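There are 2 protein chains.
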Amino acid sequence: MLVARAVKEALGASSMIRKMFEEGAELKKKYGAENVFDFSIGNPDLEPPPAFHRTLLRLVTEDAAGSHGYMPNAGYPEVREALALKVSREQGVEIDGRHIVMSAGAAGALNVIFKAVLNPDDEVIVSKPYFMEYGPYIDNHRGKLVEVSAAPDFDLDIDGIRRALNEKTAAVLVNSPHNPTGRVYPQKTISALAEVLTRHGRDTGRYPYLVADEPYRELVYDGAVTPPILSVYPHSIVAASYSKNLSLPGERIGYIAVGPRNDDKDVLINALVYTTRILGYVNAPALMQRCVAELTEVKANVDVYAARRAAFKKTLEGAGIEYVNPEGAFYIFCRVPGGDDDSGFTAALKKHLILGVPGSSFGAPGWVRFAYCVNENMIRASAAAFIAVRAQWQAMSM
Amino acid sequence: MLVARAVKEALGASSMIRKMFEEGAELKKKYGAENVFDFSIGNPDLEPPPAFHRTLLRLVTEDAAGSHGYMPNAGYPEVREALALKVSREQGVEIDGRHIVMSAGAAGALNVIFKAVLNPDDEVIVSKPYFMEYGPYIDNHRGKLVEVSAAPDFDLDIDGIRRALNEKTAAVLVNSPHNPTGRVYPQKTISALAEVLTRHGRDTGRYPYLVADEPYRELVYDGAVTPPILSVYPHSIVAASYSKNLSLPGERIGYIAVGPRNDDKDVLINALVYTTRILGYVNAPALMQRCVAELTEVKANVDVYAARRAAFKKTLEGAGIEYVNPEGAFYIFCRVPGGDDDSGFTAALKKHLILGVPGSSFGAPGWVRFAYCVNENMIRASAAAFIAVRAQWQAMSM
Chain P
1 MLVARAVKEA LGASSMIRKM FEEGAELKKK YGAENVFDFS IGNPDLEPPP
51 AFHRTLLRLV TEDAAGSHGY MPNAGYPEVR EALALKVSRE QGVEIDGRHI
101 VMSAGAAGAL NVIFKAVLNP DDEVIVSKPY FMEYGPYIDN HRGKLVEVSA
151 APDFDLDIDG IRRALNEKTA AVLVNSPHNP TGRVYPQKTI SALAEVLTRH
201 GRDTGRYPYL VADEPYRELV YDGAVTPPIL SVYPHSIVAA SYSKNLSLPG
251 ERIGYIAVGP RNDDKDVLIN ALVYTTRILG YVNAPALMQR CVAELTEVKA
301 NVDVYAARRA AFKKTLEGAG IEYVNPEGAF YIFCRVPGGD DDSGFTAALK
351 KHLILGVPGS SFGAPGWVRF AYCVNENMIR ASAAAFIAVR AQWQAMSM
Chain V
399 MLVARAVKEA LGASSMIRKM FEEGAELKKK YGAENVFDFS IGNPDLEPPP
449 AFHRTLLRLV TEDAAGSHGY MPNAGYPEVR EALALKVSRE QGVEIDGRHI
499 VMSAGAAGAL NVIFKAVLNP DDEVIVSKPY FMEYGPYIDN HRGKLVEVSA
549 APDFDLDIDG IRRALNEKTA AVLVNSPHNP TGRVYPQKTI SALAEVLTRH
599 GRDTGRYPYL VADEPYRELV YDGAVTPPIL SVYPHSIVAA SYSKNLSLPG
649 ERIGYIAVGP RNDDKDVLIN ALVYTTRILG YVNAPALMQR CVAELTEVKA
699 NVDVYAARRA AFKKTLEGAG IEYVNPEGAF YIFCRVPGGD DDSGFTAALK
749 KHLILGVPGS SFGAPGWVRF AYCVNENMIR ASAAAFIAVR AQWQAMSM
């Protein structure tokens, strides 16, 4: 019993993904990094915006007394106030600083939220496909992830969610813009979900939380808007992050926003502050808190991603590979041509030095995810390789 | 079922401590912060050393590409190598970067460790009195905290620990220098503990981990040295932090060091990296990682704390209050004069605007903890108030 049984099992299961990354590293070593089309990881390659650097430099130069010391576990009051204004605008509500709890990114936020609200064996409904880490995040706090398959167009299947609701349902977790499909759920979908949850709450006395994982909120295309959550359903909580829009994934900075119409929201907020403390976060990193509070008007560089998206779509179209049109985030989800063998197709891609993630990793066999948070030239340069794989794959399938 | 039952109960229990803090804030409002002798919180008032500021400013000015992006979950390889050299010196072992996993302070490190090694209902032995957050840290990961009372001089009771060992024992958690008593366990105590654990492992086939919580390692007085752990017992893990020695508690930066002679240490390290990821930490904050890697030679300003310690001892002696001589950390643990009523004595102190924490909060009724990470003048100025309380308390007790 060297390590926990559950962890040992998980290490075995995740070794496939590690193997994939290791094989990618091997390829780069062998053929040169510039010759490998690595679309596997959602790690933004853009630098943080100049305003971030200016603000950080100013704060560090000022070196205010106590600026690396403890602050209240929920974060600096003035930071929480600044973010409350931003969230109020985005979510169509009026909240103040009390409704914000600073977190170590969205991953930290989700763990803090689940620890605060889940009783043992409580259920969290998630639309499949989904980001594979949700399973451990929920299991950490003794909850159960309940999968509901998305609609064929990857919108939420509201009727499926309705059927999955029961007295154990503590929360429904939604992620929009969506990893891995790039879908942005329409406002009417969120409204329909709110209606179903409200009816369930009225019938059973237990209103499930609507938890929105929103690291990609600002990354939307063609004028799309990520619909608000807090204004639509009272029992809602947002997990947000600066990892993607400000390209700060290494700094672990984000926040939780609690809807103003939650019942007894003070207890909920106290619980979130308490679980921030006891999970060992204690607080979000001090310097980054003060930094992001000054950058609420800074927008992600969406144009760059939009250009890459266009290049990727063109590349796929050139090779005759079907995809879901991404409305947000920086992923493009493609159908395996003429079959469901996503690991076979991923292997075939790899032979042409293209790296993607099999849909099975998200619960969607028959699909492959490409991340386009990479240089546009790399996307263009991959076109010939995509065509070659496609031709070869077709021949093999026949 | 608004929040998890366990969290709701914990919020109720911790409301006493919150009440204490709130009352302190009230007192400061009423009488002026400068007139309240607040010895309640272990929040270092010293600024980080000038070398920290210089390094941070240089790193931020350089603004290296990708410096706020993802790195491996365990931390930057070069940071891990730098810390491995430091830990090798401190712990009398030869480890390399693979043995280091960067963490969000010691609190983050302990959660990551317990998640990695505890099966449900596994036990962790802790010497009482202890830092009150250990309970939740262990419970988070389905373990059970088993208390073993310290020896009368607050050294570990090795025989008591031996009796508490059983087939469920996953770990023994030690904290030296110790909160709340300031004890530094003698080398011979650690050796005796290692011997008991080794014998237990040999007899049962399960070697408990020796987990050392070492945020105060560098804060020792009178030439004391915090004894090493990694060189003494193979199955050992250190949780370390820069919160106290570099006064960076708000930045959440620390690390885990794994002993080089752990059986199958690669599995253990992989488990720690995995739990860092799934608990939502993902990685320790990027900028602070790079900062502390350059400061391995910078020492805590122990002289300042030593002078405060001397002033506090003199103050207590002047009032005829007994205390445990602190060998490390910045706490002084005092016996309630002529009785066990620590909450009564704390209340009496408060009437004279002195704030301390009742020993009951650490499992030691009859004691009060004062933190001397405050201005030395405040300590001197409190002397008259201590004498007044002592006189009044004696009169009351008779």
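Chains P and V are the protein sequences, given in the same order.
At the far end of the first sequence sits residue 398, using our numbering, and the numbering has no gaps.
At the far end of the second sequence sits residue 796, using our numbering, and the numbering has no gaps.
Glycine included, each C-beta is placed from N, C-alpha and C at the ideal position.
Just so it is clear, the structure is predicted and the values come from calculations on it, not from any experiment.
Which residues of chain V have a Cβ atom closer than 7 Å to the Cβ of P:Pro136, listed in chain order? Position 136 of the first sequence, counting from 1, holds the residue named residue 136 of chain P. Here the neighbours are Ile676.
Tell me the DSSP secondary structure of P:Tyr134 in three-state form. Translated into the one-based positions of the first sequence, residue 134 of chain P becomes position 134. Helix.
Where does V:Gln489 land, buried or exposed, given buried means 16+ other C-beta within 10 angstroms? As a working mapping, residue 489 of chain V is identified with position 91 in the second sequence. The residue in question, V:Gln489, is buried, as its Cβ has 16 or more Cβ neighbours within 10 Å.
Can you give me the C-alpha to C-alpha distance between V:Leu455 and P:Val60, rounded to a whole angstrom? Within the second sequence, residue 455 of chain V is the residue found at index 57, counting from 1. Within the first sequence, residue 60 of chain P is the residue found at index 60, counting from 1. So the two alpha carbons sit approximately 6 Å from each other.
Residue from P:Val389, P:Leu11, P:Leu193 and P:Val258 whose Cα sits closest to the Cα of P:Val336: Position 336 of the first sequence holds residue 336 of chain P. The shortest C-alpha separation from P:Val336 is found at P:Val389.
Any non-hydrogen atom of the ligand NAD closer than 7 Å to V:Gly726 Cβ: Judged by which ligands are present, the structure shown has none, so any question about the ligand NAD falls away.
Tell me whether the region 418-438 of chain V and the region 641-661 of chain V touch, counting them as touching only if at least three CB pairs, one residue from each stretch, are closer than 8 Å. no
Our contact map puts P:Phe114 next to P:Ile95 with C-beta atoms below 8 Å; I'd like the distance itself, whole angstroms only. The residue you call residue 114 of chain P lines up with position 114 of the first sequence. The residue you call residue 95 of chain P lines up with position 95 of the first sequence. Not confirmed; about 21 Å, so no contact.
Give a yes or no on contact between the region 326-346 of chain P and the region 356-372 of chain P, applying the rule of three or more CB pairs nearer than 8 Å. yes
Does the distance from the C-beta atom of P:Asn119 to that of V:Arg403 stay below 8 Å? For this step, residue 119 of chain P is matched to residue 119 along the first sequence. For this step, residue 403 of chain V is matched to residue 5 along the second sequence. Yes. Within cutoff.
Got a sec, what are the start and stop residues for the alpha helix (DSSP H) P:Val267 sits in? Taking the first residue of the first sequence as 1, we reach residue 267 of chain P at position 267. Taken as a continuous stretch (DSSP letters only), the alpha helix (DSSP H) holding P:Val267 covers Lys265 to Ile278.
When the Cα atoms are used, what is the spatial distance from P:Glu123 to P:Ser382? Reading the first sequence from its first residue, position 123 is the one you call residue 123 of chain P. Reading the first sequence from its first residue, position 382 is the one you call residue 382 of chain P. Going from the Cα of P:Glu123 to the Cα of P:Ser382 covers about 42 Å.
Kindly give me the distance between the Cβ atoms of V:Tyr468 and P:Asn325, rounded to whole angstroms, as I take these residues to be in contact under 8 Å. As a working mapping, residue 468 of chain V is identified with position 70 in the second sequence. As a working mapping, residue 325 of chain P is identified with position 325 in the first sequence. At roughly 27 Å, the Cβ-Cβ gap does not stay under 8 Å, so V:Tyr468 and P:Asn325 are not in contact.
Could you list which residues in chain V have their beta carbon closer than 7 Å to that of P:Ala104, in chain order? As a working mapping, residue 104 of chain P is identified with position 104 in the first sequence. Ala502, Gly678 and Tyr679, listed in chain order.
Supposed contact pair V:Ala408 and V:Pro534 - C-beta distance, whole angstroms, cut 8 Å: As a working mapping, residue 534 of chain V is identified with position 136 in the second sequence. As a working mapping, residue 408 of chain V is identified with position 10 in the second sequence. About 7 Å; that satisfies the 8 Å criterion.
Hey, how far is the Cα of P:Ala151 from the Cα of P:His53? Residue mapping note: residue 151 of chain P aligns to position 151 of the first sequence, counting from 1. Residue mapping note: residue 53 of chain P aligns to position 53 of the first sequence, counting from 1. Those two C-alpha atoms are separated by around 42 Å.
On the CB-based measure, 16 or more other CB atoms within 10 Å of its CB, does P:Tyr207 come out buried or exposed? As a working mapping, residue 207 of chain P is identified with position 207 in the first sequence. By the neighbour-count rule (16 or more Cβ atoms within 10 Å), P:Tyr207 is buried.
Within 10 Å of its beta-carbon, does V:Tyr429 have 16 or more other beta-carbons around it, so buried, or fewer, so exposed? If you number the second sequence from 1, residue 429 of chain V lands on position 31. So V:Tyr429 ends up on the exposed side.
Separation of V:Gly410 from V:Gly464, as counted between CA atoms: Here residue 464 of chain V is taken as the residue at index 66 of the second sequence, counted from 1. Here residue 410 of chain V is taken as the residue at index 12 of the second sequence, counted from 1. For V:Gly464 and V:Gly410, the distance between alpha carbons rounds to 44 Å.
Pull up the CB-CB distance for V:Gly678 and P:Ala104, whole angstroms please, since I reckon it's below 8 Å. Indexing the second sequence from 1 puts residue 678 of chain V at position 280. Indexing the first sequence from 1 puts residue 104 of chain P at position 104. That pair is a contact at about 7 Å.
Own chain, CB closer than 6 Å to V:Gly558, minus 5 neighbours either side, in chain order: Counting from 1 along the second sequence, the entry for residue 558 of chain V is found at position 160. Closer than 6 Å at Cβ, skipping near neighbours: Val546.
Check whether chain V comes within 8 Å of P:Thr204, counting only Cβ atoms and requiring the distance to be less than that. Position 204 of the first sequence, counted from the first residue, corresponds to residue 204 of chain P. For P:Thr204, the answer is no, since every Cβ of chain V falls outside 8 Å of its Cβ.
If the cut-off is 8 Å on Cβ atoms, which residues from the region 586-601 of chain V count as contacting chain P, listed in chain order? none
What residue range does the beta strand (DSSP E) around V:Ile777 cover? Residue numbering aside, residue 777 of chain V sits at position 379 when the second sequence is read from its first letter. From DSSP, V:Ile777 is part of no beta strand (DSSP E) but of the alpha helix (DSSP H) over Glu774 to Ala779.
Just to confirm the assignment, what range does the beta strand (DSSP E) spanning V:Gly599 have? On the second sequence, position 201 is the one that residue 599 of chain V refers to. Here V:Gly599 belongs to no beta strand (DSSP E); instead the alpha helix (DSSP H) covers Gln585 to Thr602.
Please report how far the alpha carbon of P:Asn140 lies from the alpha carbon of P:Leu156, in whole angstroms. As a working mapping, residue 140 of chain P is identified with position 140 in the first sequence. As a working mapping, residue 156 of chain P is identified with position 156 in the first sequence. Taking the straight line joining both Cα atoms gives about 25 Å.
Under a three-way DSSP split, which group does P:Ala385 fall into? For this step, residue 385 of chain P is matched to residue 385 along the first sequence. Residue state, collapsed to three classes: helix.
Which residues does DSSP pair with P:Trp367 in a beta bridge? To locate residue 367 of chain P, count along the first sequence from 1; it is residue 367. In the DSSP output, where bridge partners are listed per residue, P:Trp367 has P:Arg335.
Using a Cβ-Cβ cutoff of less than 7 Å, which residues in the same chain neighbour V:Val515 once the five nearest sequence positions on both sides are dropped? Here residue 515 of chain V corresponds to residue number 117 of the second sequence, with the count starting at 1. Result list for V:Val515: Ala568, Ala569 and Tyr607, in chain order.
Note down, in chain order, all residues in the region 461-472 of chain V with a beta-carbon under 9 Å from any beta-carbon belonging to chain P. Asp461, Ala463, Gly464, Ser465, His466, Gly467, Tyr468 and Met469
Simplified DSSP assignment, three categories, for P:Ile161: As a first step, residue 161 of chain P is located in the first sequence; it is residue number 161 there, counting from the start. Helix.
Run of the beta strand (DSSP E) containing P:Thr169, from where it starts to where it stops: Along the first sequence, read from residue 1 onward, the residue named residue 169 of chain P stands at position 169. Unbroken beta strand (DSSP E) run through P:Thr169: Thr169 to Asn175.
Inspect the beta-carbon positions of V:Ala366 and V:Glu774 and report whether they are closer than 8 Å. An answer regarding residue 366 of chain V cannot be provided, because it is not within the stretch 399 to 796 covered by chain V.
Is it buried or exposed, P:Gly320, if we count other Cβ atoms within 10 angstroms and call 16 or more buried? Walking along the first sequence from the start, residue 320 of chain P turns up at place 320. So P:Gly320 ends up on the exposed side.
DSSP beta-bridge partners of P:Met102: Residue mapping note: residue 102 of chain P aligns to position 102 of the first sequence, counting from 1. Answer is P:Tyr255, bridged to P:Met102.
What is the DSSP secondary structure of P:Glu81, reduced to helix, strand or coil? If you number the first sequence from 1, residue 81 of chain P lands on position 81. Note: P:Glu81 maps to helix in three-state DSSP.
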